[in-house]
Amino acid sequence: MFHKVRLTIILLALALCAPAFQGRADSGGASMSQKADTGGDCSPCHRTSSPSMDDLLPNSQCRRPRAHENLREDDAAVPDVVTMGQLTDIYVPVVFPHGLHAKMEAIGNGCSACHHHGEEGKIVSCRTCHTESTDPGNLRQPGLKGAYHRQCLACHREWSHDTACIFCHAKRGALGEAASKPDPTDITGKLHPNVTVPEKKVYPTEEQEAGSMVTFHHKDHVDLFGKRCVDCHQKENCSRCHDSAGPQKHVRQDSHEDCVKCHDTSDNCAKCHKDHEEGPFDHDKSTLFMLKEFHKQVACKQCHTEGKFAIGKKSCKDCHAPDWFSKAPKEFDHAKAGLVFSEAHKDNECEACHPNGLGEAPDCTACHDDKAYPKDLPGQRVPEAPEAADGNK
Amino acid sequence: MENSTFDRRQFLCRAGAVGLAGLSLAQPALAATDIAEGYGVLVDTTECIGCRKCEYACAKSNELSDLPLEGFEDRSVFNEPRRMTADAYTVVNRYDDTAHPERPTFIKVQCMHCLKPACASACLVGALRPQSNGAVTYDPWKCMGCRYCMVACPFQVPAYEYDHALTPKVSKCSFCFERVSKGGKAPACVDICPPMCLTFAKRSELLTLAREKVKAHPEQYLDHVYGEHELGGTSWLYLTSRPVTELGLMEFGEKPIPEYTEPLQHGIFKHGVPPMLLFGLLAVATKTFHHKEDE
Ligand code: SF4
Ligand code: SF4
Ligand code: SF4
Chain A
22 MFHKVRLTII LLALALCAPA FQGRADSGGA SMSQKADTGG DCSPCHRTSS PSMDDLLPNS
82 QCRRPRAHEN LREDDAAVPD VVTMGQLTDI YVPVVFPHGL HAKMEAIGNG CSACHHHGEE
142 GKIVSCRTCH TESTDPGNLR QPGLKGAYHR QCLACHREWS HDTACIFCHA KRGALGEAAS
202 KPDPTDITGK LHPNVTVPEK KVYPTEEQEA GSMVTFHHKD HVDLFGKRCV DCHQKENCSR
262 CHDSAGPQKH VRQDSHEDCV KCHDTSDNCA KCHKDHEEGP FDHDKSTLFM LKEFHKQVAC
322 KQCHTEGKFA IGKKSCKDCH APDWFSKAPK EFDHAKAGLV FSEAHKDNEC EACHPNGLGE
382 APDCTACHDD KAYPKDLPGQ RVPEAPEAAD GNK
Chain B
476 MENSTFDRRQ FLCRAGAVGL AGLSLAQPAL AATDIAEGYG VLVDTTECIG CRKCEYACAK
536 SNELSDLPLE GFEDRSVFNE PRRMTADAYT VVNRYDDTAH PERPTFIKVQ CMHCLKPACA
596 SACLVGALRP QSNGAVTYDP WKCMGCRYCM VACPFQVPAY EYDHALTPKV SKCSFCFERV
656 SKGGKAPACV DICPPMCLTF AKRSELLTLA REKVKAHPEQ YLDHVYGEHE LGGTSWLYLT
716 SRPVTELGLM EFGEKPIPEY TEPLQHGIFK HGVPPMLLFG LLAVATKTFH HKEDE
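Residue numbers (my numbering), protein chains in the order written: chain A, 22 to 414; chain B, 476 to 770.
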């Protein structure tokens, strides 16, 4: 069992926990991300205070054995991704991040940690020795399926605390394809098994005028707004998730550091800081542009092409044929645009309100010095139900 | 349904008559030496990850349940140790290891396919039989439903289809008898096991393999192959890293159960005070004849 334990320890170390060995020993189980945050404690093994997958940087003091004789000098010869699909039946082929594992090799037991029986200095693939099914004449050498699983599980059993098949395998759907096609490069910017996206997080914050609670709809940011994990989780410390003490908190230097990438946090604090838990994003409420029938089904990024939602939006004309706007006002059912005119406005020419072009925001100043859209409306918003809109010319 | 009860009743009547006529129906148990060259499975419990794929493959291959794969992904079943049931010939249990909490031990259990099976010895009508390939098979057509085998089995293996009112059967791992003997394949559970912790081969080869493993990795295995000698030996063998008693397996001596029970059974039956007259007579005939044959 110890050769496995050893492997596991190595990978644990690789999973950026090396400092914890010291940390644990003398601090009686202080969490390692705390150690990383206080800085300096990682230095016995790393040349960085917060080792991440990008900057593992083991230093010369690193206690983990290195097998230089087995180290590949030519990085190009190390395949980044190996797809294992020869034996799949219930599951779709496994996309194995070989490159990521190869990186760990430098402070592990060399490539031979996995490529165990090759001639020294030579790396042979698993299939060179392991046949598809166990050779009855050689029971000592498991078939390919056993070889793969034993090799992976020797470390993953302890390291990830998870032996569920779906940790690595995506299930086949009804048509034999993967039920969902996750982007395996998303999570860490490199191949990584899927993680479950939390629905929402509620953070207590410093006291603000409007309240001291921020509701972060995590899943919406991924599913609706198309954020990738790596957009926020950059240089994440692996031990935050892969630590026998359980997941650690995501600690940021500046609590706004991820938000500012998209949101302007300089003034409108009340937009996020509330005295209550906020519901999920509601386009109608937040933008006053009510999404109805058709637009409700349009993916955000079809209109908001830049990814930043306040700017870079497509104009209606990009999708709607020009003659849709050029129709005489009498023929155009403005209710479809979400607003029914008041008596005073219903006979206006389109250009009177839309001097900058149809489909652009209206300008009230030609007639009203003191009015401005969307604070003031030339009529009434159409209520939710689409039927009502249709019958309301 | 009707038909099969009738068949069974008919069989029992005939068996009774034949038995009374002094013919042996219960198959003489094969001597252990005959089946020592049979097949077996070596369960390397140190490699088992508790994925329950073996349970899934067994249920599917033996048509025990329609549960899809997802039905076997629930790991909360490990909170309580389970036994085999009428629709599960095999179950996997988890045994936490206080020394290595991150690495619990998983134990797959099923019929051990004893070389000298107590179940077969207890069965009055020879429905359970050790075969020369290592399997202990069950013939539902001979079974009269007395469930003596369930009481007799030291590993508490056989289950019973209590909810089949008309033709309930005893249920236990078949060693995938058809699949192995006719299809030339390994048992379904062996085939599916991802880390290949189940090895199917001749029992003698498995013992050699087991000893080699223990020798090569003394830190990984206890120097004991469970099933090599227990109760006269079993076709299914286990390698463990922890004492079997910590893993829900019982410790046994080397003497096969039938060697304790058979003289007793013979004694009762010889003096003509069986619990049920018909089967008693049948047994007397069987066992007496059995004896004569041996001489
Ligand atoms: S384990 Fe029980 S049921 Fe299986 S062969 Fe042995 S005595 Fe019979
Ligand atoms: S040998 Fe066959 S019947 Fe027995 S447990 Fe395995 S799959 Fe089930
Ligand atoms: S399939 Fe193999 S690894 Fe999975 S639970 Fe069964 S014996 Fe263990």
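Here a beta-carbon is modelled for each residue, glycine too, at the ideal position from N, C-alpha and C.
Query, Result
"I'd like to check one pair, Val567/B with Gly525/B: are the Cβ atoms closer than 7 Å?", "yes"
"With DSSP collapsed to three states, give me the class of Val218/A.", "coil"
"Any C-beta of chain A within less than 7 Å: which residues of the region 665-678 of chain B qualify?", "Pro669, Pro670, Met671, Thr674, Ala676"
"Between Ile524/B and chain A, is any beta-carbon pair separated by less than 7 Å?", "yes"
"What are the residues that DSSP puts in a beta bridge with Tyr224/A?", "Val235/A"
"According to a CB-to-CB cut-off of less than 8 Å, which residues of the region 536-548 of chain B neighbour chain A?", "Leu544, Glu548"
"With a threshold of 8 Å, are at least 3 pairs of Cβ atoms found where one atom belongs to the region 534-543 of chain B and the other to the region 648-664 of chain B?", "yes"
"Would DSSP call Ser716/B helix, strand or coil?", "coil"
"Between which two residues does the alpha helix (DSSP H) containing Lys677/B stretch?", "First-last for Lys677/B: 673-677, but that is the beta strand (DSSP E), not the alpha helix (DSSP H)."
"Determine, for Arg178/A, whether the minimum Cβ-Cβ distance to residues of chain B falls below 7 Å.", "yes"
"Given that Leu684/B touches chain A, what residues does it touch there, using C-beta distances under 8 Å?", "Leu160, Arg161"
"Using a Cβ-Cβ cut-off of 7 Å (strictly less than) and excluding sequence neighbours within five positions of Pro579/B, which residues of its own chain qualify?", "Arg569, Tyr570, Asp571, Asp572"
"Taking one C-beta from the region 718-728 of chain B and one from the region 610-617 of chain B each time, how about it: are there three or more such pairs within less than 8 Å?", "no"
"Cβ closer than 8 Å: which chain B residues qualify as neighbours of Arg171/A?", "Glu522, Pro670, Met671"
"Kindly list, in the order they appear in chain D, the residues whose Cβ is closer than 8 Å to that of Thr184/A.", "Considering every chain present, this structure includes no chain D. Its protein chains are A and B."
"Pop quiz: Thr565/B and Gln585/B are said to be a contact at Cβ under 8 Å. What is the actual Cβ separation, rounded to whole angstroms?", "4 Å"
"Hey, how far is the Cα of Phe237/A from the Cα of Pro118/A?", "31 Å"
"Give the DSSP bridge partners of Asp519/B, in chain order.", "Leu714/B"
"Identify the continuous alpha helix (DSSP H) that holds Lys528/B and give its terminal residues.", "528-536"
"Leu174/A CB to nearest chain B CB: under 7 Å?", "yes"
"Ile111/A touches chain B at which residues, Cβ-Cβ below 7 Å?", "Leu544"
"Express the C-alpha separation of His170/A and Thr152/A in angstroms, rounding to a whole number.", "14 Å"
"Using the rule of at least 16 other Cβ atoms within 10 Å of the residue's Cβ for burial, across every protein chain shown, is Glu364/A buried or exposed?", "exposed"
"What do you reckon, are the CB atoms on Cys10/A and Val115/A nearer than 7 Å?", "Given that chain A is displayed from residue 22 to residue 414, the structure contains no residue 10/A and the question cannot be resolved."
"Ignoring anything shorter than 3 residues or poking outside the region 553-589 of chain B, list the beta strand (DSSP E) runs there in chain order.", "566-570, 580-584"
"Which residues in the same chain as Lys248/A place their Cβ atom closer than 6 Å to its Cβ, once the five residues preceding and following it in sequence are excluded?", "His242"
"Say the cut is 6 Å; is the CB of Phe553/B nearer than that to a heavy atom of ligand 1?", "no"
"Would you say the beta carbon of Gln585/B is closer than 6 Å to some non-hydrogen atom of ligand 2?", "yes"
"Between Pro605/B and Thr155/A, what straight-line distance do the alpha-carbon atoms span, to the nearest angstrom?", "27 Å"
"Could you tell me whether the region 706-721 of chain B touches the region 681-690 of chain B, using the rule of 3 or more Cβ pairs below 8 Å?", "yes"
"Pick out the complete alpha helix (DSSP H) segments inside the region 283-307 of chain A, 4 residues or longer, and give them in chain order.", "none"
"Quick one: using the 10 Å Cβ neighbour count with 16 as the cut-off for buried, is Asp519/B buried or exposed?", "buried"
"Looking at Cys321/A and ligand 3, is the gap between the Cβ and the nearest heavy atom below 6 Å?", "no"
"Using only the alpha-carbon positions, how far apart do Thr226/A and Leu697/B sit?", "55 Å"
"Which of helix, strand or coil does DSSP assign to Thr709/B?", "strand"
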